Each structure stands twice: as C-alpha cells, then as structure tokens.
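*Asks:* Shown below is the structure under consideration.
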Amino acid sequence: MSDWGRKVWVIIIIKLFIMFVILKIFFFQDFLYKNYHTDKERSEHVLNQLTNSSDNHDRKH
Amino acid sequence: MIENIDLSLVDWSRAQFALTAVYHWLFVPLTLGLSFILAIMETIYVKTGNEEWRQITRFWMTLFGINFAIGIATGIILEFEFGTNWSNYSWFVGDIFGTPLAVEGILAFFLESTFVAVMFFGWNKVSKKFHLVSTWLVAVGATLSALWILVANAWMQHPVGMIFNPETARNEMVNFWAVLFNQVAVDKFLHTVSSGFLLASMFVLGISAWYLISKREELLAKRSILIAGVFGLLSSLLVAFTGDQSARTVSKIQPVKFASMEAMYEGKTNAGLIAFGILKDTEKKIGDKTIKEFAFKIQIPGLLSVLTGGDKDSYVQGLKDHISGNEKLGITSTPEKMQRGKFAMDVLTSYKRARLINDTAQISAIKGVFKEQDFRDKYFRYFGYASVDKPEDVIPNVAVSFYSFHLMVVLGFLFIMIFSVALYLLFKGTLSDNKWFLWIALLSIPLPYIASELGWLLTEIGRQPWIIQDMMTVSQAVSQISTGSVITTFILFAVLFTGLLISEVSILLKQIKTGPKH
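From first to last, the protein sequence lines stand for chains A and B. Numbering-wise (the numbering used here), the first sequence opens with residue 725 and increments by one. Numbering-wise (the numbering used here), the second sequence opens with residue 1316 and increments by one.
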C-alpha cells in the first residue's frame, strides 16, 4: 500500500472511532428516543413543546 | 417552555451546526466536481489508448481519494445533531426529511461507495470499459447523493407536499413529486452541483498552474488545464445562469430574504441592481431594528426590476412591505400572519387538551380541521408566527445577507474571467510564459470555496428566524439539553475538524509535490 494510502486509512479508522464510539454513544444520543419509550410519548412531548410556547405567549400578553 | 430556553442554548446549537456544515461542505463540492473531471479524463484515455491520459487520470484520482476519504461520513455528524440538538424539528418534519435522506442512503450512497472501490482498486483488475463505467457511476452517485440532501434542504425553504397530523405531531408527505420538483429544490440542485464542478475545475487549474510555475509535469498540467478550463468555463456560466434563476425564485418564494439580499427596505418600481455597496447604520428603525442605508453604492438603474419582473416598471418588494403589508399588492402584513399563526396554534392547543381528557368527538373534529385546505393555506402555513414576539423579528441579518450574496456574485463573474483567460492563453500557446496568470490561477483555489460557503451562509442566515420557512422558528426546534454539553461537543468538533483538515491539506500537498508516477 502506498504511503498516502496508509495514512488515509489510519485517519479514516480514527475518525470513525471518534464519531461512532465516542461522540454517538456519549454525546449524541437521540433526545426523544433516549427520554421517551413510545412514539405516542414522543409526539406528546413535541406537542407540548410547540403549544407551551403559545401558553406562555398568552401569559405574557 | 420554549421561550424559557436559554438563548445561548439556541446560539450554541446553531454555532455547532454551522461549524459542522461549513466543514462538511469543504469536502463535498470537490468530490462532486472532481469525479466528473476524472470521468472525462478516463474517457479520453479509453477512447485514445494514450497511456499519458491514464497517468493524468490516476494522479487526480489520488487527490480525489484523499479528499473523499477524509471527508467521508462528516455529514453523518449533522444527522447526530438533528436527533440530539434539534429533536423538536426532527420530529416535526417527520418523513419529509427522512424519505429523501433514506433514498440518498440506500440508492446514491451505496452506488457511490460500491463503485469507488472499483475505481480505486480496479485498475488492471477489471476491463478498461468496466473501470470507466465505474468512474462515471461514482460521479453520478455523488451527484444523486447531493440531490436528495438538497431536496430536504429546499423543503425547509419552501415546505410543500405535506399535511400536518396533530395526532403524531408530524408532517406527513402526501405528494413526493411536489417535494422532489419543488422549484427551490430544482434551482438549488442545479446551482449547487454546478458550483461544485466550478470549484473542482479551479482546483485542477490552480495545481496545474503551480506545475507550470515550477517548470515540471508540463504535459499533465497543460492537458489538465484544457479539461479544467473547458469544464470550468461551462460550469461557471451554468452557475451564473442557475444563480440568476435561483434569485428569481427567492424573490417570489422568500421575498423577505430577497429584500435582505438587496438591503431593500422600501419597495419600488424601476429598482436598481446594486453592483457594489457599503452599508451603514442609521437612526431610523423598523420596530427596534436599525435600518441600514448605503454609505456608497454603484447601481445599475432599473435592472433589478427587469431581472425579477421582466420590465423596469415591475415592483420589487421591500422589507417594509412585508412588515406593514401592502394591500394593493396583496402582501399580508406580519402582524396579520402572527394572528393567523396564533389561531393555528390555538387549534393545536385545543387538540392537545381534548386528547388529555380523551374527548373523542373534539379530537376527531380538530383532526378534520387540519385536513381542510383552507385552514392549511390561510392559517397553518403561518404556524411559526405564533412564536414570533415582534413583527420586525422576521427580518434576517441584512448586512450578512447583502454582503454574502454580493461577494458571491462578484466571485462568480471573476471565475468566468479566469477560465476564459486560461483557455485563451492555452490555445494561444503562451500560458507558460504568463507567470502572472499562473499565480492568479494558483491563488484562486480558495475563492470558489469561499463563494460556496457564502452561498450557504446566505441560504441559512437569510431564512432566519425560521428553521422551516414560516412554519417553525429555530427556537421552537431546539431540544432541551444542557448548554454545557453543546459547548463541549462544539469544542470537540472544532479540534477534530481542525486536525482532519490539517491532515488532509498536508497529505494533499505531499502528493502534489510528489506528482504523478511515471
């Protein structure tokens, strides 16, 4: 394998390790799938998020 | 609850997404364009049987390989961020965003990945023709990948082909073709892909110019300049044409963005096109936003009216038309849109309350309302306005929009000149003697990168405060996570990306210095 080829493979492996083993597992868990178990719960959460801004708006004005 | 979110969380989440997207876009356009340049070069090799063309193809393929390998999967980080930082948005867009990305993953990415392996490792192992077909399929696959991502982004600029389902709190696709052939998607695809072709052509031209300055690899350099010159000139003309078309579409579909691009506060007929301008703050305001005026400008009278409406009497809308409304032109005011958005929000709130007490009749009735065309067109399309505090909040950053657009246009014309001069000197046989031009070509390599990033800056900042035009603000879209974790990952990305970029540039430079294998 050429010199540049070896370097590039090392970079790819380190990069993919950082991305999928460190970042994805420790820092980038899916917020809704981590905190809610069913789609119904997730949709309720998003519905609350969207409409609570409206409730706050009512209170402010 | 959304309004209680610390603004710094929104800002840091935006900064992190911007950093990732800007970095990702350093790799993509070169992959898009260089893949076609390789395919053209290899076609000449297969047609002529000339071994020198094979060497030239393999040299540029090495540089393509370095860029492809370092850049690969950087886009996946954006998808991580959607799920973690932008969960409300990710859920709300539902399959509208998921479907194009899934098609991209299944069709285009696998097509590209499979044939990349043949392209790199298949020399002397597969037939010439099969290798050539693989190289072309890599180019087509890369372009198709870009298509689906751009379709998804275009939907954020101009949401079409969907119905919101209050039960799932998601938008559901009802017309795939409307999403695919969304005018913004068509313009965006053609403009973005051709800008990638242009960028790669400048990359090839600049490096070839360096070989001529260094008085080495003359054959490779001149043949590469021939391909890059022709491909680059055609691409830069296509970029200008599609950019013009794209601006026309923006003037109709995102008129506030368009008015910001032109720093036009007052609408008018016989509107001039600003060729060059410097903005300054004034004492005047729209609400609490300071109005900017030109400290200096060079203007072509009437041209903006002609370009957008076909003649100089055509009216070009200003920002004030959209804040205060313009009854004569049928432009709805922002306060009216806020009222309509609030009404849509109230209907959704009623649905939520009905669901809490399990009032099935009310649930069914409200679900019916969301299916009504009239409700969707008059109210729900302004859903995001319910979260807007003041009418002037819908004005994006005018200075950033104006400068990024105009600098991009100036660079676009410069590229046409550079490729034209390169071809002229090449055919005249004096290219190697004109060192001044070779240096210009070499130093111009970063310019298409700057122009391309400016294009994205305009696309995304010009759309603020929306993440989905008129339907969802950026603040509504963000997840309630700790600002500290976003700052931590921002720093991690900055370090990781800088390291990768340094690695790529150093490996590329080493390969360029080494040159092709003879």
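Every residue, glycine too, gets a C-beta built ideally from N, C-alpha and C. Note that the structure is a prediction, hence the values are computed from the model and not measured.
With distances taken between CB atoms, is the gap from G1582 (chain B) to N1486 (chain B) smaller than 8 Å?
*Replies:* no
*Asks:* Is it buried or exposed, Q1688 (chain B), if we count other Cβ atoms within 10 angstroms and call 16 or more buried?
*Replies:* exposed
*Asks:* Strictly under 8 Å for the Cβ-Cβ distance: is R766 (chain A) near chain B by that measure?
*Replies:* yes
*Asks:* Check each candidate in B:L1823, B:T1829, B:K1828 and name the one with the smallest Cα separation from F1379 (chain B).
*Replies:* B:L1823
*Asks:* Distance cutoff 8 Å, beta carbons only. Does K1828 (chain B) sit that close to anything in chain A?
*Replies:* no
*Asks:* DSSP on G1547 (chain B), reduced to helix/strand/coil?
*Replies:* helix
*Asks:* For S1328 (chain B), which residues from the same chain have a beta carbon less than 6 Å from its beta carbon, with the 5 sequence-adjacent residues on both sides left out?
*Replies:* N1400, V1793, V1801
*Asks:* Leaving aside the five residues before and after G1558 (chain B) along the sequence, list all residues of the same chain whose C-beta is less than 6 Å from its C-beta, in chain order.
*Replies:* H1506
*Asks:* 8 Å is my cut-off, CB to CB: does F755 (chain A) come that close to chain B?
*Replies:* yes
*Asks:* Please report the Cβ distance between N1585 (chain B) and D1628 (chain B), rounded to the nearest whole angstrom; I am assuming they are in contact, meaning their Cβ atoms lie under 8 Å.
*Replies:* 7 Å
*Asks:* DSSP puts M1488 (chain B) in a beta bridge; with which residues?
*Replies:* Beta bridge pairing from DSSP links M1488 (chain B) with B:M1477.
*Asks:* Just curious, the alpha helix (DSSP H) that F1611 (chain B) is in, first and last residue?
*Replies:* First-last for F1611 (chain B): 1604-1615, but that is the beta strand (DSSP E), not the alpha helix (DSSP H).
*Asks:* So that I know if they touch, is there some Cβ in chain B lying closer than 8 Å to that of V732 (chain A)?
*Replies:* yes
*Asks:* By the 10 Å Cβ neighbour count, where 16 or more other Cβ atoms means buried, how is P1761 (chain B) classified, buried or exposed?
*Replies:* exposed
*Asks:* Buried or exposed: which applies to S1821 (chain B), given that a residue is buried once 16 or more other Cβ atoms fall within 10 Å of its Cβ?
*Replies:* exposed
*Asks:* Quick one, which residues of the segment 1790-1804 of chain B are near chain C if we go by CB-CB under 9 Å, in chain order?
*Replies:* Within the model displayed, chain C is absent; protein chains A and B are what it includes.
*Asks:* Could you tell me which uninterrupted alpha helix (DSSP H) segments, each at least 4 residues in length, are contained entirely in the segment 1745-1813 of chain B, listed from first to last along the chain?
*Replies:* Uninterrupted alpha helix (DSSP H) stretches at least 4 residues long and entirely within the segment 1745-1813 of chain B occur at 1750-1758, 1761-1776, 1789-1792, given in chain order.
*Asks:* Against I1385 (chain B), what residues of chain A qualify as contacts under a CB-to-CB distance less than 9 Å, listed in chain order?
*Replies:* V732, I735, I736, K739
*Asks:* Does any residue of chain A bring its CB to less than 8 Å from the CB of M1316 (chain B)?
*Replies:* Legend: pLDDT at M1316 (chain B) = 43, less than 50; position of this residue unreliable, value from coordinates given subsequently. Taking Cβ atoms only, chain A reaches closer than 8 Å to M1316 (chain B), which makes this a yes.
*Asks:* Based on DSSP bridge pairs, tell me the residues matched to F1591 (chain B).
*Replies:* B:I1613
*Asks:* Spell out whether any CB of chain B is found under 8 Å from the CB atom of T762 (chain A).
*Replies:* no
*Asks:* Below 7 Å CB to CB, which residues in the same chain sit around H1752 (chain B) once its five sequence neighbours on both sides are set aside?
*Replies:* Residue identity differs from the one stated: residue 1752 (chain B) is Phe in this sequence, not His. Result list for F1752 (chain B): V1736, L1740, in chain order.
*Asks:* For the alpha helix (DSSP H) containing S1509 (chain B), list its first residue and its last residue.
*Replies:* 1498-1528
*Asks:* To the nearest angstrom, how far is the alpha carbon of L1468 (chain B) from that of V1565 (chain B)?
*Replies:* It should be pointed out that residue 1468 (chain B) corresponds to Asn in this sequence rather than to Leu. N1468 (chain B) and V1565 (chain B): Cα-Cα distance of roughly 14 Å.
*Asks:* From this set, B:Y1630, B:V1631, B:E1651, which residue's C-alpha is nearest G1640 (chain B)'s C-alpha?
*Replies:* B:E1651
*Asks:* Could you compute how far the alpha carbon of Q1331 (chain B) sits from the alpha carbon of V770 (chain A)?
*Replies:* 22 Å
*Asks:* Would you please verify whether the beta carbon of T1335 (chain B) is less than 8 Å from any beta carbon of chain A?
*Replies:* no
*Asks:* Around the Cβ of A1312 (chain B), are there at least 16 other Cβ atoms within 10 angstroms (buried) or fewer (exposed)?
*Replies:* Not covered by the structure: residue 1312 (chain B). The range shown for chain B is 1316 to 1833.
*Asks:* Where are the alpha helix (DSSP H) runs, 4 residues long or more, that stay fully inside the segment 1392-1440 of chain B, in chain order?
*Replies:* 1402-1408, 1410-1418, 1425-1436
*Asks:* To the nearest angstrom, report how far apart I1317 (chain B) and N776 (chain A) are at their CA atoms.
*Replies:* With a pLDDT of only 47 at I1317 (chain B), under the threshold of 50, the placement of this residue in the model should not be trusted, and no figure is reported.
*Asks:* Does any residue of chain B bring its CB to less than 8 Å from the CB of H781 (chain A)?
*Replies:* With a pLDDT of 42 at H781 (chain A), under the threshold of 50, the modelled position of this residue cannot be trusted, and the question is left open.
*Asks:* Under 8 Å Cβ to Cβ from I1710 (chain B), same chain only, skipping five residues before and after it: list those, please.
*Replies:* V1571, S1575, I1601, K1604, L1634, I1638
*Asks:* Quick check on M1786 (chain B) - is its C-beta less than 8 Å from some C-beta in chain A?
*Replies:* no
*Asks:* Using three-state DSSP, classify D1326 (chain B) as helix, strand or coil.
*Replies:* helix
*Asks:* Pick from B:F1383, B:F1479, B:E1394: whose alpha carbon is nearest that of A1659 (chain B)?
*Replies:* Checked all of B:F1383, B:F1479, B:E1394; the closest Cα to A1659 (chain B) is B:F1479.
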